[in-house]
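With my numbering as the guide, the letters of the sequence shown map in order to residues 1389 to 1984. C-beta atoms are modelled at their ideal positions from N, C-alpha and C, and glycine is treated no differently. All values reported here derive from a predicted model rather than from experimental measurement. Each remark here refers to the structure printed beneath this line.
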Amino acid sequence: MLGKIKSMNLMKKGILFVIVFIFLPALIIFWTASNQAALAIKQQVGKTLSELNRQNHATIDRVMDAIDQNIVKMMSSSLIQQWNKPRPISEEQRVKQYVATEKLLAEYSSREKYSLFLLEHDVADYYFAPSTDISDAGVFFGDHQEGKKWLENALDAGGMGIVQPIHQLGFTNSPQQTFAYLRAVSDLSSSEKTRNVIAATGIETVIQDALNGIDLPEQSRKFLVDRNGVVLAGGNPEFRIFVLPEQGKELLPNVWVTNRHMYVYHDSPLYMNRLVYEIPLKEVLGSHTAMQDIIKITALCYFAVILLVLFFFGKSIIRPMARLAAFTRMYEPGKKMERFKEGERKDEIGVFYNSFYSMTERLNQLVQEKYVMEIKQKESELILLHSQITPHLLYNTLDSVYWYGIRGGVPEVAEMVRDLSTVLRIGLSRGKELIHVREEREHVESYLHLQEKRYEHSFQFSIEVDPAVENCLLPKVIIQPLVENSILHGIGKMDGEGEVNVRIKEAVDEVRITVEDNGFRPVDLHKLQSIVMDGADADQGFGIRNVNKRIKLRFGQCYGLFYELREEGGLRAIIRLPKLYKLEELKQLDYTQQYK
């Protein structure tokens, strides 16, 4: 894919640029901004409607509270309490009690009508009382109420008010459904349960009046449902059950949104019902949708202008640039280019053409200079090859002396020659600056063997190398100057009691080298550190200063040479190096040090 893009001409790349970096980002920005704006509008409207829903539901709860208070007042009256336990009374007394109760129920009835259902009284004793098939309100007795499940539900509620769908009381041409608020009558004189229920029927008309006072956007619906989803008010004969659609998501608490509608609801824990608003989204986002259409038209005009501008640039800029590219392919180093009319232009295109002509002239000059430099480089290579003959001749000569000493019976001299050859070979290292830890160990060990023979075994030494760092890289000949200082200034005259210990260990991401001696001479540590850091006389401490500078220049200021006194006496030199196994890791270290 990337190769195809690279092979396109400038015009196609320009069109691709407009599509990828202007059209698509603008489309994404527009789409994102539109969605975010729509979401913000939905959330704002949802919050407002949720608060309105809560307040309206509180109004409906107050209506239900008024109905419940009427029932409580009637229930507390002595007239209603007399019905709790059947007792033998005369027919005249029964008629008076019935008429008085009917009058009490009628006094509280308005748009909702109140009835008293007495399930333990004998219907035969009240033969004069009409049944629920004839009267739509009043006092109704036991046997007539068989099969009415809603009465049993009211008794099971234990004195709590419930809303139940029932068949409309009284004479009707066809069965019609209504809703009643039911509450079992409590016996105030004892804790025993009764079988009497007070019902307020036709409450949907009262609730509907409250719903009619709610002002919502056009084509919106509002209805009250119970906990089973049965619509108590606000519905129609075809719409009696409501549940929230599954194809949607919760926008806010108590706000549910689908592709077409917003549902705002509130639950009443007291009466276990829910007030629901169903609002079309087009009513919520009406003005925003119109604004989106305006933005779309504006965007199309904007992109048309961009295409016209791109065409102009293609004609006046991209084509001359394409011609310049063709001239570039025609150019051959060393060949003089003829001038073209585009070079006479006074704008940037003319500058490009003139710069191209100047570049070709410089390239022709560089070709000539490169030819001369190649000749000089070959001469330098011949000189370098000649200079390499001298160390090679020295190694061969030392090797001959070594074997001469072996055959001549002087093995100590032969070993010293061998150690000297090792010191020289590793010290030169064919021009390499970085060598492995194992080579540096071999170098310092050979040097210590030489010094041991020179000082007639007047000191002892040990070298410890952690196997984990044997293949790590480090600058060559950085331990030998430290060992030399330990011998010369520390243990050189201790007559067999001197010790030099060299340790190379792994320390997290570092290689830690320590050179210790048990010398008895006092050491000015401050002066020694000053020498290492270039703060003292330049003629002193050239070896250790050289070691420290090489490390810092190669690896950075956080690495280098440090000194400290040993508690047992003597001096400890410490070298901190990065743990590197390959030269590629050194390049990465340089980059890290640069941007620290």
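Would you please state the rounded distance, in angstroms, between the beta carbons of residue i and residue j? I believe it to be under 8 Å.
{"i": "V1935", "j": "I1823", "result": "That belief does not hold up - the Cβ atoms of V1935 and I1823 are roughly 14 Å apart, past 8 Å."}
{"i": "I1554", "j": "W1538", "result": "5 Å"}
{"i": "V1643", "j": "G1636", "result": "About 10 Å separates the two Cβ atoms, so there is no contact after all."}
{"i": "I1962", "j": "E1973", "result": "22 Å between Cβ atoms; not a contact."}
{"i": "L1751", "j": "P1721", "result": "6 Å"}
{"i": "E1844", "j": "N1906", "result": "At roughly 19 Å, the Cβ-Cβ gap does not stay under 8 Å, so E1844 and N1906 are not in contact."}
Excluding the five sequence neighbours on either side, which residues of its own chain have a C-beta within less than 6 Å of the C-beta of residue i, listed in chain order?
{"i": "V1911", "result": "L1959"}
{"i": "R1733", "result": "none"}
{"i": "F1405", "result": "none"}
{"i": "H1774", "result": "With a pLDDT of 46 at H1774, under the threshold of 50, the modelled position of this residue cannot be trusted; read the value that follows with caution. So the list is empty, once near-sequence residues are dropped."}
{"i": "I1468", "result": "M1462"}
{"i": "R1609", "result": "E1666"}
{"i": "Q1776", "result": "Bear in mind that the predicted position of Q1776 carries a pLDDT of just 46, short of 50, making it unreliable; the figure below should be weighed with that in mind. Excluding positions up to five away in sequence, the list is empty."}
{"i": "Q1565", "result": "P1553"}
{"i": "F1930", "result": "none"}
Look at residue i and residue j and say whether their C-beta atoms are less than 8 Å apart.
{"i": "E2021", "j": "P1863", "result": "There is no way to answer for residue 2021, as the model of the chain reaches only from 1389 to 1984."}
{"i": "N1441", "j": "H1654", "result": "yes"}
{"i": "L1504", "j": "N1584", "result": "yes"}
{"i": "L1604", "j": "I1683", "result": "no"}
{"i": "V1551", "j": "Y1659", "result": "yes"}
{"i": "A1525", "j": "L1493", "result": "yes"}
{"i": "I1888", "j": "F1943", "result": "Before going on, a small fix: residue 1888 reads as Val here, not Ile. Contact: no."}
{"i": "L1698", "j": "I1939", "result": "no"}
{"i": "R1648", "j": "L1669", "result": "yes"}
{"i": "L1965", "j": "E1898", "result": "yes"}
{"i": "K1967", "j": "E1852", "result": "no"}
{"i": "G1878", "j": "R1909", "result": "yes"}
{"i": "V1825", "j": "V1871", "result": "no"}
{"i": "G1886", "j": "S1834", "result": "no"}
{"i": "S1656", "j": "D1453", "result": "no"}
{"i": "I1595", "j": "V1451", "result": "yes"}
{"i": "Q1607", "j": "E1540", "result": "no"}
{"i": "W1598", "j": "A1572", "result": "The sequence given here has Ala at residue 1598, not Trp. Not closer than 8 Å, so no."}
{"i": "I1901", "j": "I1919", "result": "no"}
{"i": "M1804", "j": "K1841", "result": "yes"}
{"i": "V1511", "j": "Y1486", "result": "no"}
{"i": "I1705", "j": "I1737", "result": "yes"}
{"i": "L1712", "j": "Y1759", "result": "no"}
{"i": "Y1502", "j": "I1586", "result": "yes"}
{"i": "T1520", "j": "L1557", "result": "yes"}
{"i": "C1860", "j": "Y1969", "result": "yes"}
{"i": "G1617", "j": "S1574", "result": "no"}
{"i": "A1755", "j": "V1832", "result": "Sequence inspection shows Val at residue 1755; the Ala mentioned does not correspond to that position. Not closer than 8 Å, so no."}
Leaving out five residues on either side along the sequence, give the residues of the same chain with a beta carbon under 7 Å from the beta carbon of residue i.
{"i": "V1613", "result": "V1619, L1620, F1630, N1661, R1662 and V1664"}
{"i": "I1455", "result": "E1500, Y1569, A1588 and I1591"}
{"i": "Q1839", "result": "I1875"}
{"i": "L1632", "result": "W1644 and Y1651"}
{"i": "Q1680", "result": "S1422"}
{"i": "R1954", "result": "E1904 and R1960"}
{"i": "N1559", "result": "Checking the sequence shown, residue 1559 turns out to be Phe, not Asn. So the list reads D1521 and I1522, once near-sequence residues are dropped."}
{"i": "G1880", "result": "Y1843"}
Leaving out five residues before and five after residue i in sequence, what residues of the same chain have Cβ atoms less than 8 Å from its Cβ?
{"i": "F1700", "result": "none"}
{"i": "V1408", "result": "none"}
{"i": "E1508", "result": "P1474, G1530, T1582, R1583 and N1584"}
{"i": "Y1695", "result": "The amino acid at residue 1695 is misidentified as Tyr; the sequence shows Leu. V1406, listed in sequence order."}
{"i": "D1854", "result": "I1892, K1893 and E1894"}
{"i": "A1542", "result": "I1550, Q1552, L1570, R1571, A1572, V1585 and A1587"}
Residue i bridges to which residues according to DSSP?
{"i": "G1601", "result": "None; G1601 has no bridge partner."}
{"i": "Y1651", "result": "W1644 and E1666"}
{"i": "Y1417", "result": "The question names Tyr, but residue 1417 in the sequence shown is Ile. For I1417, which the question treats as bridged, DSSP gives no partner whatsoever."}
{"i": "V1613", "result": "V1619 and R1662"}
{"i": "A1687", "result": "Answer is none; A1687 lacks a bridge partner."}
{"i": "K1637", "result": "V1645"}
{"i": "R1964", "result": "R1900 and G1948"}
{"i": "I1586", "result": "L1504 and R1571"}
{"i": "L1959", "result": "D1905 and L1953"}
{"i": "T1716", "result": "The partner list for T1716 (beta bridge, DSSP) is empty, contrary to what the question assumes."}
- [ ] Entirely within the region 1877 to 1930 and at least 4 residues each: give me those alpha helix (DSSP H) ranges in chain order.
- [x] Counting whole runs of 4 or more residues, the region 1877 to 1930 contains the alpha helix (DSSP H) stretches 1913 to 1920.
Open item on the list: Quick check for students: name the residue ranges of the beta strand (DSSP E) that lie wholly in the region 1424 to 1460, counting only runs of 3 or more.
Closed with: Segments of the beta strand (DSSP E) lying fully in the region 1424 to 1460: there are none.
Task: Every unbroken beta strand (DSSP E) within the region 1805 to 1869, with a cutoff of 3 residues, ordered by chain - done: Correct list: 1822 to 1824, 1847 to 1853 and 1861 to 1863.
Task: In chain order, each alpha helix (DSSP H) run of at least 4 residues that lies wholly inside the region 1489 to 1531 - done: Listed in chain order, the alpha helix (DSSP H) elements of length 4 or more contained wholly in the region 1489 to 1531 amount to none.
Task: Those runs of the alpha helix (DSSP H) which lie wholly inside the region 1927 to 1957 and span at least 4 residues - done: Here the runs fully enclosed are 1930 to 1943.
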